[in-house]
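Peer 1: Numbering (my numbering), first residue to last: 561 to 1143.
Just so you know, even glycine gets a beta-carbon here, dropped at the ideal spot from N, CA and C.
First, the structure itself, so that you have it in front of you.
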Amino acid sequence: MGSNMKILLTTEGTYPYYQGGVSTWCDLLVRRLPDVDYIIYSVLANPFITQKFSLPDNASVVKMPLWGTEEPAEHLNIPFSQVLRAKLRTDESVIKMHFLPIFQDLVEEVVKPRKDALHFGRILIALNDYLQVYEYKATFKSELVWKTYKSLILGFCSDSNNRIAQPDVYGMIQSIGWLYRFLNIVNTPIPKVHVTHSSAAAFCGIPCAIAKLRYGTPYLLTEHGVYLREQYLSVSKQGYSSFLSTFLIRFVQSVVGINYATADQVSPVCNYNTRWEKRFGVSPRNVKVIYNGVDDRVFSEVPSAPQANPTIAMIARIDPLKDILTFIRAFSIIRKTLPDAKAIVYGSVSVQAYYEECLALREQLNLNDSFIFAGHTSNMSAAYQSGDVVALSSISEAFPYSVVEAMMSSKAIVATDVGGVSEAIGETGIIVPPRDPQALADGLIKLLKNPELRHSLGREGRERAMNFFTLGKVLDLHLKSYIQLAARAEERVVERIKPVAADLQKLHMDRGYALLAIGQDRDAILQFRIAVKEKPISSYVPVLLTEIARAFNRLGEYDQSFQELDKCKAYIDWLQSSGQEIA
561 MGSNMKILLT TEGTYPYYQG GVSTWCDLLV RRLPDVDYII YSVLANPFIT
611 QKFSLPDNAS VVKMPLWGTE EPAEHLNIPF SQVLRAKLRT DESVIKMHFL
661 PIFQDLVEEV VKPRKDALHF GRILIALNDY LQVYEYKATF KSELVWKTYK
711 SLILGFCSDS NNRIAQPDVY GMIQSIGWLY RFLNIVNTPI PKVHVTHSSA
761 AAFCGIPCAI AKLRYGTPYL LTEHGVYLRE QYLSVSKQGY SSFLSTFLIR
811 FVQSVVGINY ATADQVSPVC NYNTRWEKRF GVSPRNVKVI YNGVDDRVFS
861 EVPSAPQANP TIAMIARIDP LKDILTFIRA FSIIRKTLPD AKAIVYGSVS
911 VQAYYEECLA LREQLNLNDS FIFAGHTSNM SAAYQSGDVV ALSSISEAFP
961 YSVVEAMMSS KAIVATDVGG VSEAIGETGI IVPPRDPQAL ADGLIKLLKN
1011 PELRHSLGRE GRERAMNFFT LGKVLDLHLK SYIQLAARAE ERVVERIKPV
1061 AADLQKLHMD RGYALLAIGQ DRDAILQFRI AVKEKPISSY VPVLLTEIAR
1111 AFNRLGEYDQ SFQELDKCKA YIDWLQSSGQ EIA
């Protein structure tokens, strides 16, 4: 990597280890903005997942596996001796004095129903400070932490005002396990960059939030879907106990809140998603919609000749959210008017049980020969051209690529009114209610029986896509956002959280003096060094260097002591000669 602008792009369960729309979007950014150096911070399920996307020369990757590791530092590129030293200095007295106050604040903030994003951010910073000196696993796995956690949770749940059920033993173990696994993100070093960019208001946004709070690094948050809504739907299907469901949702709420609170620019892929962001207190001045876009060179401008049979194409994975069952029922209605009609669904099977349900309904309605599941295809342009019209029957979407790609292919569309679909289509297609087979069938029949109308809508859709949804426009808007954020060109909102890095020097000083008080000189030296690094030009620096020298003297390391005293003298001489203002 050279001297380009450096961007930390954080992902969760997507790029570069998983296929999907968000991964495709990430790959386009990384490959089509060669003047930007990307560091991909990938939160993934385990370290053994095969990388699906190769990275260009302007990108590197930091893996953050949540599960599949015995030691939380396994994924870190640091010497074992460093981990061992941290583990050896993490004893019960350290945990009691330095970790438990942070941990108690953390647990209370996670489980309480009313959230304070600023307070949660400060807890993450304090935890990050602690983990620069002490070891993660030795801390979280200590009996003292477990006893404290049990006491906190049982006491909190016993108060009916907190609206959370009493946990069983499994619930206690599982919930602290979630804290242990997810918060290892805070244990992973965050590279210094010009701008951080999270692909979701999720756990992968924690590094961006910490960088904003600690260094003031500008933070761009892109929302393809609504993470909190998705988690509501996901948790409701997991069969967790009442306590675990509430705990996990409140944990997610805290994480979503700190993302929204620290992001300088929130860029949903459609206006529809802004309702959630505004509900979370994001200022409209910080919301800038950047629609998904596609490469207009990939998709043909001229529609194909009519098919031998009236044909409907759908490009969608086989998943309950795509509501293929409604499409099958609608197609059964269509066949009563157009007996020779065909339907083709291109997409991989996401949920096997749902696919089997679709096959059963297809057989029940006697559609086996006319309703085709074609599986995954890499030739997207041909898939769209195989149909006279394109259908979308989803019950939940953000701003689907399939709609924009169909428009770019000059195909008329009948789609359900979910998410940002109507924003994409405008007046160039037919919008119908979700879960309504009759309405979907009526719209498709109207287009199949009227070639002039569908060709007209197809041309208008192509024109609209070229005006608003090209890949070039997406790339341009992202690059401009990076430049504006890096240059601090955009107006900052007064009430937003400000960087707290200036206060960190005092925090580390206090910790250093506390360690001196219990005779832990070497740990105190580490804290004093971090304090110097936090604010190198400060009236405290000579005091800190003197304290470091005294600590080395007590340890019998006299050469080190003299070196620190020489640094102190040189520092004072430099300040006097350069006329530097001391903060």
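In the DSSP assignment, the alpha helix (DSSP H) including Y740 goes from what residue to what residue?
Peer 2: That run of the alpha helix (DSSP H) goes 729 to 742.
Peer 1: Have a look at the DSSP bridge pairing and note the partners of H757.
Peer 2: According to DSSP, which records beta bridges pairwise, H757 is partnered with L569, L780.
Peer 1: Below 6 Å CB to CB, which residues in the same chain sit around F539 once its five sequence neighbours on both sides are set aside?
Peer 2: With the chain covering only 561 through 1143, there is no way to say anything about residue 539.
Peer 1: DSSP three-state label for C1128, please.
Peer 2: Helix.
Peer 1: List the endpoints of the continuous beta strand (DSSP E) containing M874.
Peer 2: Segment 871 to 875, the beta strand (DSSP E) holding M874.
Peer 1: Please state whether the Cβ-Cβ distance between D587 and N564 is less than 7 Å.
Peer 2: Cβ distance not < 7 Å, so D587 and N564 don't count as in contact.
Peer 1: Could you give the residue range of the beta strand (DSSP E) that holds Y598?
Peer 2: That run of the beta strand (DSSP E) goes 596 to 604.
Peer 1: If P632 and Y696 are in contact, beta carbons under 8 Å, what's the gap, nearest whole angstrom?
Peer 2: P632 to Y696, Cβ: 4 Å. Contact.
Peer 1: Please report the Cβ distance between Y906 and A868, rounded to the nearest whole angstrom; I am assuming they are in contact, meaning their Cβ atoms lie under 8 Å.
Peer 2: About 19 Å; that fails the 8 Å criterion.
Peer 1: Taking all protein chains shown into account, decide if G989 is buried (16 or more other Cβ within 10 angstroms of its Cβ) or exposed.
Peer 2: The residue is buried, with at least 16 neighbouring Cβ atoms inside 10 Å.
Peer 1: What does A903 pair with, by DSSP beta-bridge criteria?
Peer 2: A903 pairs with I872, F931.
Peer 1: State the DSSP-derived secondary structure class of L952, mapped to helix, strand or coil.
Peer 2: DSSP places L952 in strand when its eight states are reduced to three.
Peer 1: Of the choices N744, G737, Q664, S759, whose alpha-carbon is the least far from that of F716?
Peer 2: For F716, the nearest C-alpha among the options comes from Q664.
Peer 1: Determine the contact status of T777 and T748, defining contact as a CB-CB distance below 7 Å.
Peer 2: In this structure, T748 does not lie closer than 7 Å to T777 by Cβ.
Peer 1: Rounded to the nearest angstrom, what separates V1053 and G765 at their Cα positions?
Peer 2: Only weak support exists for where V1053 lies, its pLDDT of 36 falling under 50; the coordinates are left without a value.
Peer 1: Here's the rule: buried if 16 or more other CB atoms are within 10 angstroms of the residue's CB, otherwise exposed. What is Q1065?
Peer 2: Burial call: buried.
Peer 1: Does I1005 come out as helix, strand or coil in the three-state DSSP assignment?
Peer 2: Correct three-state label for I1005: helix.
Peer 1: Closer than 7 Å by C-beta to L1125: which residues in its own chain qualify, once you throw out the five before and the five after it? Chain order, please.
Peer 2: These residues qualify, in order along the chain: A1109.
Peer 1: Check whether the Cβ atoms of F807 and S735 sit closer than 7 Å, and answer yes or no.
Peer 2: Closer than 7 Å, so yes.
Peer 1: Closer than 8 Å by C-beta to L1076: which residues in its own chain qualify, once you throw out the five before and the five after it? Chain order, please.
Peer 2: The answer, listed in chain order, is A1084, E1107, A1111.
Peer 1: Going by the CB atoms, is the gap between L1067 and F1088 shorter than 7 Å?
Peer 2: Not a contact, by the Cβ cut-off of 7 Å.
Peer 1: What do you reckon, are the CB atoms on I600 and L569 nearer than 7 Å?
Peer 2: Their beta carbons are under 7 Å apart, which means I600 touches L569 by this criterion.
Peer 1: So what does S620 bridge to, in DSSP terms?
Peer 2: Answer by DSSP bridge pairing, in chain order: I599.
Peer 1: Any idea which residues DSSP pairs I991 with across the strands?
Peer 2: Bridge partners of I991: A975.
Peer 1: Using a 10 Å radius around the Cβ and a threshold of 16 neighbouring Cβ atoms, would you call T610 buried or exposed?
Peer 2: So T610 ends up on the exposed side.
Peer 1: If you draw a straight line from the C-alpha of G1032 to the C-alpha of I904, how long is it?
Peer 2: Their Cα atoms are separated by approximately 30 Å.
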